[in-house]
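In terms of the working numbering, the sequence shown opens at residue 41 and continues consecutively. For each residue, glycine too, the CB sits at the ideal point set by N, CA and C. As the structure is a computational prediction, the values presented were derived from the model and not from experiment.
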Amino acid sequence: MAENKMTKDPLPETFDTLEEMAEFWDTHDLTDYEEYLTPVEATISAHPKHHYIVTLSDTLETRLRQVQQAEGVSLNTLVNLWVQEKLQEYATSLSE
Numbered sequence: 041m042a043e044n045k046m047t048k049d050p051l052p053e054t055f056d057t058l059e060e061m062a063e064f065w066d067t068h069d070l071t072d073y074e075e076y077l078t079p080v081e082a083t084i085s086a087h088p089k090h091h092y093i094v095t096l097s098d099t100l101e102t103r104l105r106q107v108q109q110a111e112g113v114s115l116n117t118l119v120n121l122w123v124q125e126k127l128q129e130y131a132t133s134l135s136e
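Given below as structure tokens:
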């Protein structure tokens with residue numbers, strides 16, 4: 041029996057914001073885009089290995105919380121993403 045598949049929207053190359061990405065995946069099924077997936081091996085720890093205490097000014101803390109709420113992610117996730125981005129930028133600048 042022939043399968044009746046609807047055409048799918050093209051997968052965007054990039055998303056401008058986390059909200060844009062979330063909206064796309066809230067309205068699309070990942071299994072429709074399996075050909076874009078790359079198998080990876082990853083080790084995931086339920087318990088992080090390093091904890092840091094960082095003292096922020098009230099202004100920075102307020103701004104950080106505003107971004108965290110706007111992005112809809114945990115504060116831990118947001119800070120981890122930003123640290124990763126900065127380290128990648130740093131590594132890229134060294135290789136130029």
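| Asked | Found |
| --- | --- |
| Going by the CB atoms, is the gap between residue 108 and residue 115 shorter than 7 Å? | yes |
| Report the three-state DSSP secondary structure of residue 43 (helix, strand or coil). | No answer about residue 43 holds up, because its pLDDT of 48 lies below 50 and its placement is not dependable. |
| Do residue 48 and residue 72 have their CB atoms nearer than 7 Å? | yes |
| To the nearest angstrom, how far is it from the Cα of residue 52 to the Cα of residue 60? | 10 Å |
| Terminal residues of the continuous alpha helix (DSSP H) containing residue 130? | 115-135 |
| On a Cα-Cα basis, can you pick out the residue from 127, 92, 68, 119 that is closest to residue 100? | 119 |
| Since residue 100 is in the alpha helix (DSSP H), which residue starts that stretch and which ends it? | 98-111 |
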